[in-house]
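Novice: When the letters of the sequence shown are read in order and numbered with my numbering, they come out as residues 314 to 459. The beta-carbon is built from N, C-alpha and C at its ideal position, and this holds for glycine as well. Right, I'll just put the structure down here and ask away after.
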Amino acid sequence: MRKLFSIVILMTLISGCSTEKEQEIYDLESSMVEVFHYELDVVEPGHADEVNQWLENARLTGESGQYFIYQDNTREDLYAYVYGKGYSDYEVAFIYNPKDPVTKGQIHVTGIMGDSKADHFVQIRTINDLSIMFTLSDESLQEKLK
């Protein structure tokens, strides 16, 4: 009976610990969405006129592989729109470095080439903080880390 009681208590403790771990992961994901979020081919309603004009100009003047960036900010958020002719998707990564005295965060954007007629852009929303730097690169972050 004593062993059965010990097993039940042990199982309760183990299941309680795993629930806490799952909750920590969920909290990290929801926290990151507040700091950094991106979507393909989405324009904020308040930015529609400016972004559509910018996008039209970028599509007319851009060459394959050339990046264009447009930024608009509010008190809380910074919106960046990145476009490159020929890119079918974008790799977007947020890198946080609390030890860097100048830039605490870096947003790394790499266009993924599709066919030459691919025509997509990415909207990136982040907190409005001057210490966040954007890097537009032809090389994916995975390639740089090799």
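1. At what residues does the alpha helix (DSSP H) containing residue 370 begin and finish?
2. Taking just the CA atoms, how far does residue 440 sit from residue 284?
3. Along the chain, where does the beta strand (DSSP E) containing residue 455 start, and where does it finish?
4. By Cβ distance below 6 Å, which residues in the same chain neighbour residue 436 in space, the five residues on each side in sequence not counted?
5. Assign residue 381 to one of three DSSP states: helix, strand, or coil.
6. Could you tell me how far apart the beta carbons of residue 429 and residue 399 are, in whole angstroms, since I believe they sit closer than 8 Å?
7. Check whether the Cβ atoms of residue 357 and residue 383 lie closer than 8 Å to each other.
8. Looking only at its chain, what residues have a beta carbon closer than 6 Å to the beta carbon of residue 423, apart from the 5 residues adjacent to it on each side?
Specialist: On the basis of the data shown:
1. 361 to 374 is the extent of the alpha helix (DSSP H) around residue 370.
2. The structure shown does not extend to residue 284, since the chain spans only 314 to 459, so no value can be given for it.
3. That residue, residue 455, is in no beta strand (DSSP E); its alpha helix (DSSP H) goes 454 to 458.
4. So the qualifying residues of the chain are 352, 355 and 394.
5. Strand.
6. With 8 Å as the limit, residue 429 and residue 399 qualify as a contact, their Cβ atoms being about 5 Å apart.
7. The Cβ atoms of residue 357 and residue 383 do not sit closer than 8 Å to each other.
8. Excluding sequence neighbours, residue 423 sits near 404, 450 and 453.
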